[in-house]
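A.B. asks: For the sequence shown, my numbering gives the first residue as 2, with consecutive numbering after it.
Structure below; questions to follow.
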Amino acid sequence: MWLFVLPAASRSAAVTNPRQHECPALRSTVACTSRGSGYRCASTRKACRTRACHTAAAAASPARAVCSTFFLDPTMSDSPQTPPPIEARMAEIVFPNHTNHMGTLFGGQALAWMDKAAFLAASRYARRTVVTARSDQVDFKLPIRQGQMVETIARVVSVGRSSIKVEVELIAEDLLSGARELCTRGHFVMIALGDDGKPTSVPALPAA
Numbered sequence: 002m003w004l005f006v007l008p009a010a011s012r013s014a015a016v017t018n019p020r021q022h023e024c025p026a027l028r029s030t031v032a033c034t035s036r037g038s039g040y041r042c043a044s045t046r047k048a049c050r051t052r053a054c055h056t057a058a059a060a061a062s063p064a065r066a067v068c069s070t071f072f073l074d075p076t077m078s079d080s081p082q083t084p085p086p087i088e089a090r091m092a093e094i095v096f097p098n099h100t101n102h103m104g105t106l107f108g109g110q111a112l113a114w115m116d117k118a119a120f121l122a123a124s125r126y127a128r129r130t131v132v133t134a135r136s137d138q139v140d141f142k143l144p145i146r147q148g149q150m151v152e153t154i155a156r157v158v159s160v161g162r163s164s165i166k167v168e169v170e171l172i173a174e175d176l177l178s179g180a181r182e183l184c185t186r187g188h189f190v191m192i193a194l195g196d197d198g199k200p201t202s203v204p205a206l207p208a209a
């Protein structure tokens, strides 16, 4: 067991300030500020109720290293949780090999881009292997022409036990004028698979 002897001033501060604690790395009593909750010091791994601490030691001894980097500790009940991403985006240029005999984007190519974007969105959301179960109604509202940029936007809109429904849109953009139009919209249902290749559960969508 390590025993650190504190200077008189530090011992006095530790008694009067309940937010102070001893930093094993700095071997001195240092203060915590009153902002934030659910954090630990990345250097000492010592639980701290605040976002920033160990700053008082810097003023007392600038030559000492100061613990200033913190990480969210998922084991602490009051730590905020980052929701999984629900969206994926892709961008493509329509080249001649992507078009039909009329010079517009071939429907099969559009579906391939949409399926890829749906796969990315579902994979990012579930962090599992996903496969396409089906595509629902796909509406080709406007033609997409050779030379236009196509932005594919996929969003997770609902989930089941192992299924993930993804809405996918194709937005055509004229690179010279900047004009954008929604050209195609459809829905894809993806299934999350476990290590055994069987359907596995996925997290519920966060509340809006």
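Beta carbons: idealized from backbone N, C-alpha and C, even for Gly.
Please read these numbers as outputs of a predicted model, since none were measured by experiment.
1) So I192 and S164 are in contact, right, with Cβ under 8 Å, and what is the actual spacing, rounded?
2) S202 by DSSP, collapsed to three states: which one?
3) At what residue ranges does the region 151–188 contain a whole run of the beta strand (DSSP E), taking only runs of 3 or more?
4) In the structure shown, what three-state DSSP assignment does R128 receive?
5) Among R128, T130, R135 and P207, which has the Cα closest to the Cα of H188?
6) Does the region 124–138 come within contact of the region 171–178, defined as at least 3 CB pairs closer than 8 Å?
7) Which full runs of the beta strand (DSSP E) of 3+ residues lie inside the region 96–127, going along the chain?
8) Here's the rule I'm using: 16 or more other beta-carbon atoms within 10 Å means buried, otherwise exposed. How should A119 be labelled?
9) If you drop the 5 nearest sequence neighbours on each side, which residues of the same chain put their C-beta closer than 6 Å to that of P75?
10) Tell me, please, which residues DSSP counts as bridged to L194.
11) Tell me whether Q138 sits in a helix, a strand or coil according to DSSP, three-state version.
12) Does DSSP put R94 in a helix, in a strand, or in coil?
13) Quick check: the region 94–103 against the region 124–132, are at least 3 beta-carbon pairs closer than 8 Å?
14) Excluding the 5 residues flanking A205 on each side, which residues of the same chain have their C-beta closer than 7 Å to its C-beta?
15) Quick one: Cα of P212 to Cα of G148, how far?
16) Between G198, M115 and A208, which lies nearest to E168 when the distance is taken from Cα to Cα?
C.D. replies: This is what the structure gives:
1) 6 Å
2) coil
3) 164–174
4) coil
5) R135
6) no
7) none
8) buried
9) Low confidence applies here, because P75 scores a pLDDT of 36, under 50, leaving its location unreliable and the question unanswered by this model.
10) T130 and P200
11) strand
12) Checking the sequence shown, residue 94 turns out to be Ile, not Arg. Here I94 sits in strand by DSSP.
13) no
14) V160
15) With the chain covering 2 to 209 only, the question about residue 212 has no answer from this structure.
16) M115
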